[in-house]
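Here my numbering = 1-based position in the sequence shown + 1338.
Glycine included, C-beta positions come from ideal geometry on N, C-alpha and C.
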Amino acid sequence: MSKNDSPRYYKPFESSLPTHEMEITRLIFERLAKENCLAESERETIAYRIAEIMVTAKQMYTKSLPRLTNVNGESDSPVEDDLTGLQMTFTHMCDLMHEFDSVYLEAIRPPKDLQDSEDEEEEEEKASDEE
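Spelled out as structure tokens, the structure:
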């Protein structure tokens, strides 16, 4: 499976995303491109992963919190059910953050060929220093 076939390297501009996620993705992607940040091939995926987290956080604040506090009767469920729903949302948020972290760390890692050549240079320097 190639890097681009992996679900981790999602290309949101090639799909039909919900409006909020697409707009956030576009705005972040444009800034990354404008400031030439990260590899060009990684920008869209990074922007999308950030958008996913932000939209989920907003939904937690605007939907889960009112249900949990139930100040205005937002929930007809027992608090245990609302807590279970919140726990599932937190688990989903953790998964999203892990995906972002994985993609981001891969995006900032030097290319393998470059890293290998740097490692070889370091080994040669150590060998010449020992002589």
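CB of residue i within 7 Å of CB of residue j, strictly
i	j	result
T1429	M1398	no
E1359	A1389	yes
M1392	I1366	no
A1445	E1378	no
V1441	R1364	no
Contact belief for residue i with residue j at Cβ below 8 Å, rounded distance in angstroms
i	j	result
L1434	T1383	In fact, because the Cβ distance is near 13 Å, the residues do not count as touching under 8 Å.
Three-state class that DSSP yields for residue i in the structure shown
i	result
L1370	helix
S1413	coil
L1376	coil
P1404	helix
R1364	helix
R1447	coil
M1339	Any reading at M1339 is ruled out, since the residue's pLDDT is 41, under 50, leaving its predicted position unreliable.
Burial state of residue i (16 or more Cβ within 10 Å)
i	result
L1443	exposed
L1421	exposed
L1403	exposed
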